[in-house]
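When the letters of the sequence shown are read in order and numbered with the working numbering, they come out as residues 585 to 663. What follows is a set of notes on a single structure, which appears directly below.
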Amino acid sequence: MDTLRKQKRKLKKQIRAASSEETNGLLVIWRQLKARHSALSRAESARKKHRKKRKNQERFIRDPFKFARPLFLQPKSGT
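Here it is as structure tokens:
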């Protein structure tokens, strides 16, 4: 992820400095990097979401009352 981000940043700088003929080719490469980066980001967020969901399911199965209690408690206010 970090390397893709750095590559995109470097390519953007090259696009700004490039001539008009080179710009089109660099834009094509940049769009490919952008698509790959966004696909990886979506996959990573999906993994995090599944991991969080699985942990919550395990907590619920272990002790349903303990899991549900904070959902219905009113937050403490004041000092």
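Ideal Cβ placement from N, Cα and C applies to all residues, glycine included.
Indicate whether Arg-643 and Phe-656 have their beta-carbon atoms separated by less than 8 Å. In this structure, Phe-656 does not lie closer than 8 Å to Arg-643 by Cβ.
Relative to the ligand ADP, is the shortest distance from any of its heavy atoms to the C-beta of Trp-614 smaller than 7 Å? The ligand ADP is absent from the structure shown, which contains no ligand whatsoever.
Runs of alpha helix (DSSP H) wholly within the segment 599-654 (minimum 4 residues, chain order): Note on the segment 599-654: whole alpha helix (DSSP H) runs with a minimum of 4 residues are 604-646, in chain order.
Taking 8 Å as the cut-off, decide whether the C-beta atoms of Arg-589 and His-621 are in contact. With contacts defined as CB atoms closer than 8 Å, Arg-589 and His-621 qualify as a contacting pair.
Report the CB separation of Lys-592 from Lys-618 in whole angstroms; it is logged as a contact under 8 Å. Right, the Cβ-Cβ distance comes to about 7 Å (below 8 Å), so this counts as a contact.
Going by DSSP in three states, Lys-594 sits in which element: helix, strand or coil? DSSP, reduced to helix, strand and coil, places Lys-594 within a helical segment of the structure shown.
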